[in-house]
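This report concerns only the one structure given below.
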């Protein structure tokens, strides 16, 4: 019976990354040469026909990038060679409003990823970025009529220059860190969202990021402004083909949540295991607003990502729900930063990590109470599940407080998958793989149930795929 | 023909320490046997060894159902052949709903050759069946949506074991001190539940310290275990003797094995 199961597992190829297929790059519109220097940055700006201020912004960011040392904490970046990467690759001529107009290869890829189908069923708008540029975009007409803007960031700079300039790089300056500087120098694509005061967007807006070519660098730049009393749920998904050489994804995401507004940003990151995922995400939350990061990290070789929320005015609330899954050859160094800058602010971080087959999951988080943040409260819970003796989990919680009258609660737990739990489930007829998958699914259930139904199903399916074939 | 669970000269070690030293027992579908014995005599070890816990190493002898050897099968394969163990201390599986777990279990046990990833039993039929079994056991159907054993009282956990027994309908059920830690009302509910479930298609091995469970489940045979061996087999009268007089008589009648028991205790 055991042999039968193994055969069937081989036949359907379980345990393999299912998005590792690739398209031909023959018909690409433009492919920059490898490497990074002033000429490449100027070329990107020129190709995009940008205003002078943006070219200068890029070039000064490039200097900052070269000056800043590589981080010596977090994950191992020694194999990342910045000169071995393509910084700008354009696969299609422009952005289309109909899938039929998207080049066939690319359209087929998104079909396989299930995006057009999801769009029909439950999304209010979609952006599809392929390599460096957005190739498809849609937004429900009634939302457009209400003044909602959902476009790619390059178009926003041209079509809404004042709004763009007012907020761009105000949340994350280019000198914030080495990778924010890199993104500022070579950014391309990403989503720009503006939700006017009082407008509630019922269904999620989704962006889907796909890397296709080898040694590719993807540097999208996302800017979301949720005006007073408005609300939006934005979802991003990411995949890439599997190559033996490294690719780099280094995004910057800036969010402004105004008074009484609400923003939820959900990420289901499932890059192939050759992608370095080094992302800076930060939100400013104003009076009585709510900012939520739901951050699912399943793929990549190394992820370093700590979504931050600055609680700027009284009554602001910030929440991060973080799920990390580290399999063979993977290091997920993820967490959250909560910075309390005003009185009566609240933050909550719930992090669940799973490591297996030699993977490493680290929680790295900061809770900071600035002077003047009295009566504020933070609650951090980190649970780690380690599935085998060769895998690893670490927790690095940092707490800084300049205020006395604040409350911080921190709980952390590490558990190994219980032999007794496995035995119990198997004694009821579940196979070892099914039993492990069930225990893992149960472990993340409190987070997954926060996701909209479709994403919860997707998350559980991805976890099950990760678990299958994991038992020898 | 009724299936036969045959345990022959079974030796089991835990962490290389011998616990069972040659157990012989035959249980047929439709029979109820009681297994009694003092603490540490090896009753739970036998239960775990039958279910296939990886820590309980079979060092000699065999476990067979109708001639097919179980020794090298994993717990899942044994469950699919009709073995069920009702645990003394069921573990908690946080985040896993009772109904989801049971639907997987029922699917695998009823389709032993099911390949991973193949469909589960139809939701509608499953729900209907689960609801009626829960009602029969006097359980709130809300339990189906709770996480498995998470925050359950002792009595609720035991009832959950009996519910699983009712859904999985094994050929052979081993009840490991299912009556322990329960008040008399709960024992009554569990005992009646087992009595309702057992019948011509189920062989039941009741491991117990007490006689209470046996009032509702009249045993065809009563086995007494001492220091890793079954030293006596009798009928209900033997259970009554143990209940009234304890194990002193047993130890007197088997002085050599009783002596070994103290040796084990000394180690």
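Protein chains in written order, with the working numbering: chain C, 1 to 472; chain W, 473 to 739.
Where a beta carbon is used, it is the ideal one built from N, C-alpha and C, also for glycine.
Asked: Under 8 Å, Cβ to Cβ, is there at least one residue of chain C near residue 580 of chain W?; Found: yes
Asked: Taking the runs of the beta strand (DSSP E) that are 3 residues or longer, which of them lie wholly in the region 145 to 209 of chain C?; Found: 149 to 152 and 191 to 195
Asked: Give a yes or no on whether the minimum CB-CB distance between residue 200 of chain C and chain W is below 8 Å.; Found: no
Asked: Quick check: is any heavy atom of the ligand SAH less than 7 Å from the C-beta of residue 549 of chain W?; Found: This structure simply doesn't include the ligand SAH, nor any ligand for that matter.
Asked: If the cut is a Cβ gap below 8 Å, which residues of chain A does residue 431 of chain C touch?; Found: Among the protein chains in the structure shown, which are C and W, there is no chain A.
Asked: Please return the same chain residues whose Cβ sits closer than 8 Å to the Cβ of residue 413 of chain C, not counting the five positions on each side in sequence.; Found: 382, 383 and 384
Asked: Output the residue ranges of the beta strand (DSSP E) runs that lie fully inside the region 59 to 139 of chain C and measure 3 residues or longer, sorted by chain position.; Found: 125 to 130 and 133 to 139
Asked: Can you tell me whether residue 67 of chain C is buried or exposed? The criterion is at least 16 other CB atoms within 10 Å of its CB, across all chains shown.; Found: exposed
Asked: Spell out the partners DSSP gives residue 235 of chain C in its beta bridges.; Found: C:206 and C:266
Asked: Among C:224, C:181, C:108 and C:213, whose alpha-carbon lies nearest the alpha-carbon of residue 163 of chain C?; Found: C:224
Asked: Tell me the residue span of the alpha helix (DSSP H) that contains residue 576 of chain W.; Found: 570 to 582
Asked: Listing by chain order, which chain W residues have their CB less than 7 Å from the CB of residue 446 of chain C?; Found: 567
Asked: Is there at least one Cβ from chain W nearer than 8 Å to residue 4 of chain C's Cβ?; Found: Any answer about residue 4 of chain C is weak, because its pLDDT of 34 lies below 50 and its placement is not dependable; what the coordinates show is given next. At least one chain W Cβ lies under 8 Å of residue 4 of chain C.
Asked: Among C:353, C:441 and C:450, whose alpha-carbon lies nearest the alpha-carbon of residue 293 of chain C?; Found: C:450
Asked: Who pairs with residue 380 of chain C in a beta bridge, going by DSSP?; Found: C:349 and C:410
Asked: For residue 427 of chain C, return the contacting residues in chain W, with the cut-off set at a CB-CB distance below 9 Å.; Found: 523, 524, 525, 547, 548, 550, 551, 555, 556, 557 and 559
Asked: In angstroms with no decimal places, state the Cα-to-Cα distance between residue 528 of chain W and residue 504 of chain W.; Found: 25 Å
Asked: Could you spell out where the alpha helix (DSSP H) holding residue 634 of chain W opens and where it closes?; Found: 626 to 640
Asked: Rounding to the nearest angstrom, what Cα-Cα distance links residue 377 of chain C and residue 397 of chain C in this structure?; Found: 16 Å
Asked: Span of the beta strand (DSSP E) holding residue 648 of chain W?; Found: 644 to 648
Asked: Looking only at its chain, what residues have a beta carbon closer than 6 Å to the beta carbon of residue 443 of chain W, apart from the 5 residues adjacent to it on each side?; Found: There is simply no residue 443 of chain W to check, as chain W begins at 473 and stops at 739 in what is shown.
Asked: Where does residue 473 of chain W land, buried or exposed, given buried means 16+ other C-beta within 10 angstroms?; Found: exposed
Asked: Who does residue 36 of chain C pair with in a DSSP beta bridge?; Found: Answer is none; residue 36 of chain C lacks a bridge partner.
Asked: What are the residues that DSSP puts in a beta bridge with residue 364 of chain C?; Found: C:335 and C:396
Asked: Leaving out five residues on either side along the sequence, give the residues of the same chain with a beta carbon under 7 Å from the beta carbon of residue 452 of chain C.; Found: 204
Asked: Which residues, taken in chain order from the region 623 to 640 of chain W, show a beta carbon closer than 8 Å to some beta carbon of chain C?; Found: 636 and 640
Asked: In its own chain, which residues sit with a C-beta less than 6 Å from the C-beta of residue 119 of chain C, not counting the 5 before and 5 after it?; Found: 126
Asked: Starting from residue 665 of chain W, follow the alpha helix (DSSP H) in both directions and report where the run begins and ends.; Found: 656 to 669
Asked: How is residue 22 of chain C classed by DSSP in three states: helix, strand or coil?; Found: coil
Asked: Tell me, which residues are paired with residue 322 of chain C by DSSP?; Found: C:295 and C:351
Asked: My assumption, with CB atoms under 8 Å, is that residue 248 of chain C sits in contact with residue 76 of chain C. Please give the rounded CB distance.; Found: Not really, about 14 Å apart at Cβ, beyond 8 Å.
Asked: Hey, would you say residue 283 of chain C sits closer than 8 Å to residue 257 of chain C, going by beta carbons?; Found: yes
Asked: For residue 423 of chain C, would you say it is in contact with chain W, using Cβ-to-Cβ distances shorter than 8 Å as the test?; Found: yes
Asked: Please classify residue 723 of chain W: does DSSP put it in a helix, a strand, or coil?; Found: helix
Asked: Does the structure place the region 188 to 204 of chain C close enough to the region 303 to 310 of chain C that three or more beta carbon pairs sit under 8 Å?; Found: no
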